[in-house]
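Position one of the sequence shown corresponds to residue 607 (the numbering used here), numbered consecutively onward. Glycine included, C-beta positions come from ideal geometry on N, C-alpha and C. Here is the structure we will look at.
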Amino acid sequence: MPLAWPAYAKAPALTANEAVVRELYRVAEAKSLDADKFVSLFRDDGYFLDVSSGQRWAGKQVREPVIGLIKAYPDMHRELLKFYSTADNVVVVELKLQGTHRGDLPLPDGVLSATNKKFDVSCCDVWHLKDGKVKSFHCYTNLVAVLKADRPLAGA
């Protein structure tokens, strides 16, 4: 659930960079992913780094992890909690990732088959922008918590 502002308080104005990042989340959340639109918001030399797994996608490949997540978690939702915008073109977002593992999830060491387990984990995304487009996107996900939700604990 997005942050709600009290009726008497004026919501802060969005920076241009924050507007780009919010558009990326909107595109990723759409029922029908427009992968070309997602890619178009990145610079040609822009990249996406999943810090927890070490996987990195550059250029048009930035569509791959988003498509992969939709296939593995068709009900994937990003609960945007807090945005921080800096003067040096950085936007940091605190969020929660939520969904149900209903499809295969490609990982660096192989594929994790669907478990039908739900997850709700904290995440922090760091976006570096230049000239209105994403130069780099570093996703700091609690991968251990996601995989714990997907795999039964030993002895459980």
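Item	Value
Where does residue 723 fall in DSSP's three states?	coil
Where DSSP assigns a beta bridge to residue 659, which residues make up the other side?	DSSP output for residue 659 lists no bridge partner at all.
Looking at residue 730: is its Cβ nearer than 7 Å to the Cβ of residue 685?	no
Of all the beta strand (DSSP E) runs that stay within the bounds of the region 631-686, which reach a length of 3 or more residues?	648-656 and 661-664
Measure the Cβ-Cβ separation of residue 735 and residue 695 and say whether it is below 7 Å.	yes
At the level of alpha carbons, what is the spacing between residue 640 and residue 634?	8 Å
Thinking just about the alpha-carbon of each residue, which of 697, 708 and 722 is nearest to the one in residue 628?	697
To the nearest angstrom, report how far apart residue 758 and residue 743 are at their CA atoms.	At residue 758, the pLDDT of 44 sits below 50, so the modelled position is not reliable; the number obtained from the coordinates is stated separately. Whole-angstrom Cα-Cα distance: 31 Å.
Please classify residue 679 as buried or exposed, where buried requires at least 16 other C-beta atoms within 10 Å of its C-beta.	buried
Using C-beta distances below 7 Å, list every residue in its chain close to residue 675, excluding the 5 sequence neighbours before and after it, in chain order.	682
Between 746, 672 and 658, which has its C-alpha nearest residue 714's C-alpha?	658
Is residue 649 near residue 723, with beta carbons less than 7 Å apart?	no
If distances are taken between C-alpha atoms only, which option among 677, 642 and 624 comes closest to residue 665?	642
Based on the DSSP output, what are the partners of residue 712 in its beta bridges?	717
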